[in-house]
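K.L.:
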Amino acid sequence: MTSRIFNVEDARRIAKRRLPKIFFDYIDGGSSGEETLRANREDFGRWRLEQRVLAGFQPADLSTRYLGQRHALPFMLGPVGFLGLFAGKGEILAARAAHRAGTGFCLSNFSIASLADLKADGAAGQPQFQLYVLKDRGLAEEFVQAAETAGVETLHLTVDTAITGIRERDARNGFRAVTRIGPRLGFGLALRPAWCLDLARAGRPGVGAVRGRAEFGNGILEQASTLSRLIDPALSWADVEWLRERWKGRLSIKGILHADDAARAKAAGADAIVVSNHGGRQLDTAPSTISVLPEIVDAADGMEVLIDGGFRRGTDIVKALGLGASGVLLGRAYAFGAAAGGEAGVSAVIETLAAEIGVTLGLMGLSSIDELKSRGRSALRTAPG
Ligand SMILES: Cc1cc2nc3c(=O)[nH]c(=O)nc-3n(C[C@H](O)[C@H](O)[C@H](O)COP(=O)(O)O)c2cc1C
Numbered sequence: 000m001t002s003r004i005f006n007v008e009d010a011r012r013i014a015k016r017r018l019p020k021i022f023f024d025y026i027d028g029g030s031s032g033e034e035t036l037r038a039n040r041e042d043f044g045r046w047r048l049e050q051r052v053l054a055g056f057q058p059a060d061l062s063t064r065y066l067g068q069r070h071a072l073p074f075m076l077g078p079v080g081f082l083g084l085f086a087g088k089g090e091i092l093a094a095r096a097a098h099r100a101g102t103g104f105c106l107s108n109f110s111i112a113s114l115a116d117l118k119a120d121g122a123a124g125q126p127q128f129q130l131y132v133l134k135d136r137g138l139a140e141e142f143v144q145a146a147e148t149a150g151v152e153t154l155h156l157t158v159d160t161a162i163t164g165i166r167e168r169d170a171r172n173g174f175r176a177v178t179r180i181g182p183r184l185g186f187g188l189a190l191r192p193a194w195c196l197d198l199a200r201a202g203r204p205g206v207g208a209v210r211g212r213a214e215f216g217n218g219i220l221e222q223a224s225t226l227s228r229l230i231d232p233a234l235s236w237a238d239v240e241w242l243r244e245r246w247k248g249r250l251s252i253k254g255i256l257h258a259d260d261a262a263r264a265k266a267a268g269a270d271a272i273v274v275s276n277h278g279g280r281q282l283d284t285a286p287s288t289i290s291v292l293p294e295i296v297d298a299a300d301g302m303e304v305l306i307d308g309g310f311r312r313g314t315d316i317v318k319a320l321g322l323g324a325s326g327v328l329l330g331r332a333y334a335f336g337a338a339a340g341g342e343a344g345v346s347a348v349i350e351t352l353a354a355e356i357g358v359t360l361g362l363m364g365l366s367s368i369d370e371l372k373s374r375g376r377s378a379l380r381t382a383p384g
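Below, the structure is given as structure tokens:
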């Protein structure tokens, strides 16, 4: 399976064949007319990379520093909810693949595996954690405490989901209305026997962060919908300050798309931000992340800026780093890898992107990511037209 993954699109195609439609659409889709989803991809075309020659090729050093650490790769695996439903033990195998490649993995608040599960695995490395702040601050505090106990160093507070965007594919598939496996869903699942077997082997899924808490209900469907209902839509900058006081580790604010909000994040004490529109799943027709990156880097005034959204090619990653991002988070790219081929599928996605970056740097006359970062915007030019 993985021998057929030569690029991220291959992983997507295989994932489409393996996953029940309801899950493939959940991963692949965006909100409303999916304009932002498409713009995240298309706007990489606004830039071209500068080809420089006779620079004395040597295999490029892809390691670089972000989130307080030197990583072997300039991209890491960002938070993707329900990964353990796309492949059995999805979070654990993705974390292992990232760890083996020398890069980071961020566990979503909506994961099947808990932080303790990753720790117990032994091969999953030290994950980052993504947090949704709940109306009940006591519960939010418990999540923060769990992260502290698990030795998490970077916490990403996601701030672009006060309410959920309208996801038409999910509505058509009845994704959010599912409370039990009825005939329609059952039929859809039965069409994907390999996936069913894989999930059956992994055991009964639930939301790891609330495991064993009766008030969240029983099983993944009830737990996920209770947790979604509890996300605080009234979250404000005062809450970021509250979290800043409470959390002593590195704090990243994920979901910044405006220069003024970047400046506010810095003022509220964030160590980093992730420029993100949630992969085009929230405000439709919001700008693509790559198009706002330069102005946000300028407004961040030295605070670390990471980015996600639409990264499917090594050249996409090189463009973002040239425009001032310290690192890139993958979302769907590796979720498709997990669905396509489990741990090997995630590794295949990581390896193809790393290979693409290596070749890109070589043909740009650069020998390392750090050299690309110091060349900065002069490594790119705007595309004509
Ligand atoms: C299936 C799926 C689930 C996601 N779940 C979460 C989540 O639980 N928390 C979060 O902060 N972001 C979540 N995201 C958003 C990703 O972290 C990221 O912002 C986005 O996927 C980046 O765009 P890309 O998928 O085009 O790379 C999710 C994205 C997808 C596709």
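Residues 0 to 384, numbered by numbering that gives the first Met the number 0, are exactly what the sequence shown covers, in order. C-beta atoms are modelled at their ideal positions from N, C-alpha and C, and glycine is treated no differently. Just so you know, these numbers come straight off a predicted model, no measurement behind them.
Mapping DSSP to helix, strand and coil, what is Gln144?
P.N.:
Taking the sequence shown and counting its residues from 1, one reaches residue 144 at position 145. Note: Gln144 maps to helix in three-state DSSP.
K.L.:
In the DSSP output, what is Leu130 paired with across the bridge?
P.N.:
Residue mapping note: residue 130 aligns to position 131 of the sequence shown, counting from 1. Leu156.
K.L.:
According to DSSP, is Lys118 helix, strand or coil?
P.N.:
To locate residue 118, count along the sequence shown from 1; it is residue 119. Here Lys118 sits in helix by DSSP.
K.L.:
Taking the continuous alpha helix (DSSP H) assigned at Asp315, which residues delimit it?
P.N.:
Taking the sequence shown and counting its residues from 1, one reaches residue 315 at position 316. First-last of the alpha helix (DSSP H) with Asp315: Gly313 to Gly321.
K.L.:
To the nearest whole angstrom, what separates the beta carbons of Ser251 and His155, a pair I think is in contact under 8 Å?
P.N.:
The residue given as residue 251 occupies position 252 in the sequence shown. The residue given as residue 155 occupies position 156 in the sequence shown. Right, the Cβ-Cβ distance comes to about 5 Å (below 8 Å), so this counts as a contact.
K.L.:
Answer with buried or exposed for Gln129, where buried requires no fewer than 16 other C-beta atoms within 10 angstroms of its C-beta.
P.N.:
Within the sequence shown, residue 129 is the residue found at index 130, counting from 1. By the 10 Å Cβ count, Gln129 comes out buried.
K.L.:
Quick check on the DSSP output: the beta strand (DSSP E) that includes Ser251 runs from which residue to which?
P.N.:
If you number the sequence shown from 1, residue 251 lands on position 252. Counting along the chain, the beta strand (DSSP E) containing Ser251 begins and ends at Arg249 to Ile255.
K.L.:
Would Phe81 pass as an interface residue toward chain B - the criterion being a Cβ-Cβ separation below 9 Å?
P.N.:
Protein chain content of the structure displayed is limited to a single chain, and chain B is not contained in it.
K.L.:
Which same chain residues end up closer than 6 Å to Ala258 when comparing Cβ atoms and leaving out the 5 residues on each side of it in sequence?
P.N.:
Here residue 258 refers to the residue found at position 259 of the sequence shown. Here the set comprises Glu294, Ile295 and Ala298.
K.L.:
Ile289 lies in the alpha helix (DSSP H); which residues open and close that run?
P.N.:
On the sequence shown, position 290 is the one that residue 289 refers to. From DSSP, the alpha helix (DSSP H) with Ile289 extends over Thr288 to Ala299.
K.L.:
Verify the contact flag: Asp260, CB atom, against every heavy atom of ligand 1, threshold strictly below 8 Å.
P.N.:
Mapped onto the sequence shown, residue 260 falls at position 261. Because no heavy atom of ligand 1 lies under 8 Å away, the Cβ of Asp260 does not count as near it: no.
K.L.:
Can you check DSSP and say which residues form a bridge with Trp46?
P.N.:
Looking up residue 46 in the sequence shown gives position 47. For Trp46, which the question treats as bridged, DSSP gives the partners Thr381.
K.L.:
In the DSSP assignment, what residue or residues form a beta bridge with Ala271?
P.N.:
For this step, residue 271 is matched to residue 272 along the sequence shown. Ser251 and Glu303.
K.L.:
Give me the residue from Ala267, Thr314, Gly80 and Asp159 with the minimum Cα distance to Trp246.
P.N.:
Within the sequence shown, numbered from 1, the residue matching residue 246 stands at position 247. It is Ala267.
K.L.:
Counting pairs of Cβ atoms below 8 Å between the segment 213–232 and the segment 119–137, do you hit three or more?
P.N.:
As far as the Cβ criterion goes, the segment 213–232 touches the segment 119–137, which means the pair count is three or higher.
K.L.:
Relative to ligand 1, is the shortest distance from any of its heavy atoms to the C-beta of Ile26 smaller than 8 Å?
P.N.:
Position 27 of the sequence shown, counted from the first residue, corresponds to residue 26. Flag set: Cβ of Ile26 near ligand 1.
K.L.:
Got a sec, what are the start and stop residues for the beta strand (DSSP E) Phe109 sits in?
P.N.:
For the purposes of this step, residue 109 is taken as residue 110 along the sequence shown, with counting starting at 1. Phe109 -> no beta strand (DSSP E), and no H or E assigned at all.
K.L.:
Leaving out five residues before and five after Cys195 in sequence, what residues of the same chain have Cβ atoms less than 8 Å from its Cβ?
P.N.:
By 1-based counting over the sequence shown, the position of residue 195 is 196. Taken in chain order, the residues that qualify are Leu188 and Ala189.
K.L.:
Tell me, please, which residues DSSP counts as bridged to Leu76.
P.N.:
What you label residue 76 is simply residue 77 of the sequence shown in a count that begins at 1. Looking at the DSSP assignment, Leu76 forms a beta bridge with Phe104 and Leu329.
K.L.:
Nearest to Pro383 by CA position, among Leu48, Phe109 and Phe335, is which residue?
P.N.:
The sequence position of residue 383 within the sequence shown is 384, counting from 1. With distances taken between Cα atoms, Pro383 lies closest to Leu48.
K.L.:
Give the straight-line distance between the Cα atoms of Arg263 and Ala161, rounded to the nearest whole angstrom.
P.N.:
For this step, residue 263 is matched to residue 264 along the sequence shown. For this step, residue 161 is matched to residue 162 along the sequence shown. Rounded to whole angstroms, Arg263 to Ala161 spans 18 Å at the Cα level.
K.L.:
Hey, is Tyr131 close to ligand 1, as in C-beta under 8 Å from one of its heavy atoms?
P.N.:
For this step, residue 131 is matched to residue 132 along the sequence shown. Checking the Cβ of Tyr131 against ligand 1 gives yes.
K.L.:
What distance in whole Å lies between the Cβ atoms of Leu76 and Gly329, which are believed to be in contact at a cut-off of 8 Å?
P.N.:
Stepping through the sequence shown from its first residue, residue 329 is reached at position 330. Stepping through the sequence shown from its first residue, residue 76 is reached at position 77. One point to set straight first is that residue 329 is Leu, not Gly, in the sequence displayed. Right, the Cβ-Cβ distance comes to about 6 Å (below 8 Å), so this counts as a contact.
K.L.:
Would you tell me roughly how many angstroms separate the C-alpha atoms of Thr102 and Asp159, rounded to the nearest one?
P.N.:
For the purposes of this step, residue 102 is taken as the residue at position 103 of the sequence shown. For the purposes of this step, residue 159 is taken as the residue at position 160 of the sequence shown. Spanning the two alpha carbons is a distance of roughly 25 Å.
K.L.:
Check this for me: beta carbons of Gly279 and Leu36, under 9 Å apart or not?
P.N.:
Numbered from 1 along the sequence shown, position 280 holds the residue referred to as residue 279. Numbered from 1 along the sequence shown, position 37 holds the residue referred to as residue 36. Going by C-beta atoms, Gly279 is nearer than 9 Å to Leu36.
K.L.:
Identify the continuous beta strand (DSSP E) that holds Pro68 and give its terminal residues.
P.N.:
Here residue 68 refers to the residue found at position 69 when the sequence shown is read from its first residue. According to the sequence provided, residue 68 is Gln. The question's Pro does not apply to it. Segment Gln68 to His70, the beta strand (DSSP E) holding Gln68.
K.L.:
Let me make sure I understand the geometry here. Which of Gly181, Gly83 and Ala149 has the alpha-carbon closest to that of Gly202?
P.N.:
Counting from one through the sequence shown, the residue named residue 202 turns up at place 203. It is Gly83 whose Cα lies nearest to the Cα of Gly202.
K.L.:
Do Arg11 and Asp27 have their C-beta atoms within less than 9 Å of each other?
P.N.:
For the purposes of this step, residue 11 is identified with residue 12 of the sequence shown, where counting begins at 1. For the purposes of this step, residue 27 is identified with residue 28 of the sequence shown, where counting begins at 1. Against a cut-off of 9 Å, the Cβ pair of Asp27 and Arg11 comes out as a contact.
K.L.:
Pro192: beta carbon under 8 Å from a heavy atom of ligand 1?
P.N.:
Numbered from 1 along the sequence shown, position 193 holds the residue referred to as residue 192. No - ligand 1 has no heavy atom lying nearer than 8 Å to the Cβ of Pro192.
K.L.:
Can you find the residues in the same chain that come closer than 7 Å, C-beta to C-beta, to Ala285, ignoring five residues on each side of it along the sequence?
P.N.:
Residue mapping note: residue 285 aligns to position 286 of the sequence shown, counting from 1. The answer, listed in chain order, is Thr35, Leu256 and Asn276.
K.L.:
Give the secondary structure of Ile230 by DSSP, where H, G and I count as helix, E and B as strand, and everything else as coil.
P.N.:
Walking along the sequence shown from the start, residue 230 turns up at place 231. If DSSP states are grouped into helix, strand and coil, Ile230 belongs with the strands.
K.L.:
Leaving out five residues on either side along the sequence, give the residues of the same chain with a beta carbon under 7 Å from the beta carbon of Ser367.
P.N.:
Along the sequence shown, one-based indexing puts residue 367 at 368. Within the same chain, Ser367 has close Cβ partners Ala59 and Asp60.
K.L.:
Let me check one thing: in DSSP terms, what residues is Ser367 bridge-paired to?
P.N.:
Counting from one through the sequence shown, the residue named residue 367 turns up at place 368. Ser367 pairs with Asp60.
K.L.:
So is the beta-carbon of Pro286 under 8 Å away from any non-hydrogen atom of ligand 1?
P.N.:
Residue 286 sits at position 287 when you count from the first residue of the sequence shown. No - ligand 1 has no heavy atom lying nearer than 8 Å to the Cβ of Pro286.
K.L.:
Name, in chain order, the residues that DSSP records as bridge partners for Tyr65.
P.N.:
Mapped onto the sequence shown, residue 65 falls at position 66. Bridge partners of Tyr65: Gln68.
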